[in-house]
Structure formats: structure tokens, C-alpha cells
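Take a look at the structure below.
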């Protein structure tokens, strides 16, 4: 097996390396979430951390890593009163995105249970990760049922398994480290809050630093062991420093002034709950210990806030992460100490080097309070408001006096409208796809899933994945006399096995087709339209959907955003969407048809939901109304679930959106009816295409 890439050989990424080291010093910090674009050494740095973790003492033969002298009294392998302890390296356990529930929490040994009548429990990854690192790459793609199990284990420090007649509890305290690419979608807030720290990483834009990255990677690929050997001394220094910081940690004093700064900072950024305060306190203490100090300084509190608060501050999912550093400095100054002492270098432990001899600040790497990591070159890259000036288009001459004149005409002769800001998002009604799907786990439409409520049993087609124990026993029971059953065991053959069928929810592909023509810009309608689409995007984010955006205006349609799991990217495209020109409705529907055709080839199991946002007018091209009807018929023929959001306003309405919905085989809903708390009371069910009247209290 090749030597892992050395932690100290990672170029740049100071924040990432510091966050990982702080968790190595104080596992109570609670782990770290690494967010960033692909190819930024996220996984490399995390895997390299395991080599720096101090070894642990465990009870010999215990599969649950009990600590000698402090054993878990409920350990399934216990009791351990006289069992000796052994030392081993700290484990880093990787949780694959596609892992099953049984693999994560453990499972009943079905073969022994049926053949011997013994309830034998096989530990899962949570047991392996106890007192080590649990690493989840692409954590934002983890299925919801696994996220729920992780939340329970992280909250209680233990894993409880209650299934198939087995009741097992074992300790599961681990350092949770996750990496993700935000372009693939965001994390659920509950899981996000379980990560102590978060770090945003990006590739350097400095050519010299990029060259160094390539040189080191090529050298490692050519000779992994030789490359690791050249960094062995640096690795040993960092490992020794982690041990020294752990020993110093209990002596670090967190004064009242520092606690006041922490509380004031959390209050200023309106974080929910008290976990942020606790994490900041632990992080500031770890920073002081890493710097070799016994007092927490204001600079430790500041660095702790930058690491612990960005993912906890109250914000819209479409807002960019991060903190307002000016606001942070103002808060720290307001509640800062009156006469904070400077750190005394004479009281710092001797790490075998003089920081003054190193222009980069020695092993601290120039971090705040000396709290950095071994020196590397290059800075860490850190990750628009539309003008609200709607105006009428050329196919709707009605224009209110308050509206500004249209922008100068483009080369095609159609007036170009400036983008308008979106209205405030709101909670929308539930829109779903009819029938029973088999797509990726989500929260929108009914689906057959591997995880969910059990609805029945069937003979397995291929490999058995989810055993329906009761149905299997029932199928085998009538044949026991003929099979010569003896003793306690139950004779089960393959023909008796039954697969559990389960029903849950799936995520869909929600494709928005947005009318950006001049008629939509008239009477300042686009602000409300964008607010409605933004609300639907927020709903798609919460229900784990993929989203795409097609817009049509002037003479054609374009794919503003190909289908993606990043709803914030769709929100950004929506915000900058220009308007004006005629209404080529047919072109928009045909473009949507092409997008859905390609997506069906890529992911046949993910069912689409077409959301057309328009007033129903069709004015672009020859015979625009007839062509729009034909294009809508293509979607209806393929059974695509569709909803038309009717944007028509005013006293006189033509009802064109309702006609379009009929041609699509879907339903129409007005902007007012789209609100989940609408008092209008008209609820249109996309699964049946029928209209139900529901009375709501004001």
C-alpha cells in the first residue's frame, strides 16, 4: 500500500489545514466541513490528517474500541473488567455516499439468526469510527436516511440499533469530517449545524503556487514512499506539536472577557441556539493551545468566529456564505478587554526552532496568534444587486406612468429591459409528480425506495438487498416437516427469501420555463414572477430536487441553467435575467422538451416536473398560437407532469395560461394560489389534475 500524501506537503489552504489541526488538538470542537470546487485538495488533506492523529489505547479484542479504565458498561462485547489494553493508530473510516443503513449502523447476522437462533450483531461503520475520524466525501449527496442516523449518533455520542428483534447500543463518538462541492447542492441545516467548523477552499489563481502543486503531485505519483520520506521530518514536528497542544489544553484559561466576546459575536450574527457559542469557546481554547499559550486572546476569538459561524448564521439558502469581517471587528472591539496582555514568548514551550529565524513565522505559518500550520506559499482565495427598473415590452403597449422607458433597441430591433429584483420568497404549495417513481431519495413525490415504510414483500429479482423477515419465515414455515427440521434452527431455502418493498419520497427534476418577454415586464410584473420562481427554487432545495432553467424571449429560447443540484446557481441566473421582446412560447416549450429528452437518457429514474411561468401569450414567429399548442402536445404525449404558473394580472384576464395547462395535460395555478398560506383557498392537485376547494381560516 502506498504511503498517504503528507499533510505538510499540501500547498496553501491555510484555513483548511488549521481547522483540521484544531480538531486533532481538541476533538470536542466537533469536526469540520470543507466546502469548495473540485480539485482543491479537500480529500487529500483530510486523508493526510489521519497519519498525524495520536494513537489510542483500546481494550484488546473489543470491536467497539472501548478505552481501558473507562470502558462502556453497555458495550455489546463487554464486560471488560479484566481485559488488557493495546495501542493502535487512530482510524479514519470513510462513509461512501451509496452506503446502506446496515453498513452504517450494523446489522443482525441473518444466517446465524436463522440457522442457530442466535441474535448476533455485526458492527457497522459507526462502531469502527468510535474514537477516530468518520470521513464523508461528497457529504451533501448522502441519502437522507443516512443523514438522520448520523444526526442521532452525533447528538447522543452513541448508536442505537432497534430492528429485526435486535436491540443494541454502543458508543459512537467520532470526529466528523465532510467535504462537498456546493455546485452539487447544499446540506440540510440540521446536519450542517453538527459540523463544528467550516472552511471554504478554492484553487489558487497564482501561477507560481499552481506550478508548485503540480510539481509535488507529480513527484508523489512517481514515488509515493520517497516523497513521503522527504516530508517525514515535517510530519513528525507537527505530530509532536499536536501532542504538546493536547497536553497544554486543560491548562488554557478562557476568561470572562473572551466569553463575553464570544456571546456578543454569536448574538450579533443572529445564530440559532447555543451550539455556536460552545463551539467558538472550544475552538478559541484549541487555538491558544496550538499557539502554546494558556490564555485565550481576542485574536483567538476572531479566528474561532471565522471558522465556527459562517455556516450557522441565519441566512437565505441562496445567500453567499461567510461573515462580514468589519461587523465582526466592531463587535470584538466593543466587548474587547480593557488591557489584554500580549503573549509572552518566554512562557511558550520550546518547539525546537526560533520563529524569528523563519521569515514565514516558523511552524505557525503566520496564523492568527501563532495558530497557523507549517508554512506554505500562497494566500487562501476566498469566495450583485439587480436594478429594479422594469418596463413594458413591445408586445404589450400598456405602460404605467411610473415605469421607466425601455432601454435602447438591440440589433434585432427589440427593446432590451434591465433585470429587475426578485420579490420576497414565500412558502409554496406542494407540487408533485403522479404515480410511484424509483428515483433518487428526496422529499417531493411518492417512490419505491430502499428506505422508508415497508408496504409489502415480494420475491427478490436478482440479489436480495432488504430481507422481509416475517414474510420469509412465513414462506418457510409450512415446509419444515418435509425438510427434516431438527433442534432450534429454521431450515430456510433461497425460494423462501422475500424482499421487502418500501415506499418513501424521491427528488425530481424541476425544470422551470420562464417567460421573459415584454408582456411579463409590463406593469412591474416580473418582480412578483421572480419572487414566485425564487420561492419554488427554495422549495426544490428543501426537497432535494435537481433544477433547470429555460427562458424564452425575443425570437427564441435558451437554457439559462442546465439541470443541476445547485439551486443557488439557478437563483443567481434568475436574478440577472433580462426581459423584453416578443413571446416565442413554442420555442420555450420545444427547448424544454429537448432538455428533458437528454436528461431522461442520463438519469431515467429521475422523473421531471415541468413548471411553466407565463401569462400564456404567444406572439413570436409564424402561427405562434398553433405552434405553442403543438409543442405543448409533445409534453402531454410523454406524460410529463406539468404546472403552469399563471402570471396574468388585472381586472380583465384572457385565461390563456389555463388553456396552455390543458394542452400540456397539467394544471394552472395563479401567483396568489401558489402560496401555501393563501386564503384564496383554491388548491390545484398536479397528481390528479383536479381542482379542490378548501376553506381556510383567515
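In the numbering used here, the protein residues as written are 1 to 698.
From the three backbone atoms N, C-alpha and C, an ideal C-beta is built for every residue, glycine too.
What you are looking at is a predicted structure, and each value in this text was computed from that prediction instead of being measured.
Reduced DSSP secondary structure (H/G/I, E/B, other) of residue i
| i | result |
| --- | --- |
| residue 122 | strand |
| residue 364 | Here the model assigns residue 364 a pLDDT of 41, short of 50, so the residue's position is not dependable, and the following value carries that caveat. Of the three classes helix, strand and coil, the one that applies to residue 364 here is helix, per DSSP. |
| residue 624 | helix |
| residue 135 | strand |
| residue 673 | coil |
| residue 94 | strand |
| residue 383 | Unreliable placement is indicated for residue 383, whose pLDDT of 40 sits below 50; no coordinate value is reported for it. |
| residue 646 | strand |
| residue 512 | strand |
| residue 102 | helix |
| residue 27 | helix |
| residue 562 | strand |
| residue 633 | helix |
| residue 65 | coil |
| residue 210 | helix |
| residue 552 | strand |
| residue 327 | helix |
| residue 295 | strand |
| residue 14 | helix |
| residue 82 | coil |
| residue 200 | strand |
| residue 668 | strand |
| residue 390 | Because the pLDDT of residue 390 is 37, which lies under 50, any placement of that residue in the model is unreliable, and the number read from its coordinates should be weighed accordingly. Correct three-state label for residue 390: coil. |
| residue 289 | helix |
| residue 35 | strand |
| residue 518 | helix |
| residue 19 | helix |
| residue 641 | strand |
| residue 127 | helix |
| residue 355 | Bear in mind that the predicted position of residue 355 carries a pLDDT of just 39, short of 50, making it too unreliable to give a figure here. |
N-terminal and C-terminal residue of the alpha helix (DSSP H) that residue i is part of
| i | result |
| --- | --- |
| residue 538 | 525 to 542 |
| residue 42 | 42 to 49 |
| residue 568 | 567 to 575 |
| residue 597 | 585 to 602 |
| residue 473 | 469 to 476 |
| residue 301 | 298 to 308 |
Integer-rounded CB distance, given that residue j should sit under 8 Å from residue i
| i | j | result |
| --- | --- | --- |
| residue 496 | residue 472 | 6 Å |
| residue 512 | residue 613 | 6 Å |
| residue 660 | residue 640 | Not really, about 14 Å apart at Cβ, beyond 8 Å. |
| residue 722 | residue 509 | Shown here, the chain extends from 1 to 698; a query on residue 722 therefore has no answer. |
| residue 177 | residue 133 | 6 Å |
| residue 534 | residue 549 | About 12 Å separates the two Cβ atoms, so there is no contact after all. |
| residue 305 | residue 280 | 6 Å |
| residue 107 | residue 122 | 6 Å |
| residue 331 | residue 307 | Contact doesn't hold; Cβ gap of about 16 Å is too wide. |
Run of the beta strand (DSSP E) containing residue i, from where it starts to where it stops
| i | result |
| --- | --- |
| residue 87 | 85 to 88 |
| residue 662 | Where residue 662 is concerned, there is no enclosing beta strand (DSSP E), although the alpha helix (DSSP H) it sits in stretches over 656 to 664. |
| residue 499 | 499 to 506 |
| residue 447 | 441 to 449 |
| residue 6 | Premise fails: residue 6 is in no beta strand (DSSP E) and is neither H nor E. |
| residue 609 | 608 to 614 |
| residue 455 | 453 to 458 |
| residue 57 | 56 to 59 |
Check: residue i C-beta below 7 Å from any heavy atom of the ligand PLP
| i | result |
| --- | --- |
| residue 538 | The ligand PLP is not part of this structure, which contains no ligands at all. |
Query raised in the report: Would the stretch 532 to 540 and the stretch 427 to 438 be scored as touching if the rule is three or more Cβ pairs under 8 Å?
Result: yes
**Report entry** Sufficient close CB pairs (3 or more, under 8 Å) joining the stretch 288 to 302 to the stretch 199 to 206
**Finding:** no
Report task. Counting only runs of 4+ residues fully inside the stretch 212 to 284, write out the alpha helix (DSSP H) ranges in chain order. Result -> 224 to 230, 232 to 248, 256 to 268
Query raised in the report: Which ranges would you report for the beta strand (DSSP E) in the stretch 132 to 192 if only whole runs of at least 3 residues count?
Result: 133 to 137, 158 to 163, 166 to 171, 175 to 180
Query raised in the report: Is the stretch 220 to 232 touching the stretch 58 to 65 in the sense that three or more CB pairs, one from each, lie closer than 8 Å?
Result: no
Requested in this report: Check whether the stretch 139 to 151 touches the stretch 72 to 80, counting contact only when three or more Cβ pairs, one atom from each stretch, lie closer than 8 Å.
Outcome: no
**Report entry** Contact between the stretch 86 to 103 and the stretch 179 to 187 (3+ Cβ pairs under 8 Å)
**Finding:** no
Query raised in the report: With a cut-off of 8 Å, do at least 3 Cβ pairs link the stretch 581 to 598 to the stretch 613 to 631?
Result: yes
Query raised in the report: Are the stretch 258 to 276 and the stretch 231 to 246 in contact at 8 Å, needing three or more beta carbon pairs?
Result: no
Query raised in the report: When the Cβ atoms of the stretch 36 to 45 are set against those of the stretch 186 to 197, are three or more pairs found closer than 8 Å?
Result: no
Query raised in the report: Are there three or more Cβ pairs, one per stretch, closer than 8 Å when the stretch 44 to 51 is compared with the stretch 252 to 267?
Result: no
Requested in this report: Check whether the stretch 572 to 581 touches the stretch 634 to 649, counting contact only when three or more Cβ pairs, one atom from each stretch, lie closer than 8 Å.
Outcome: no
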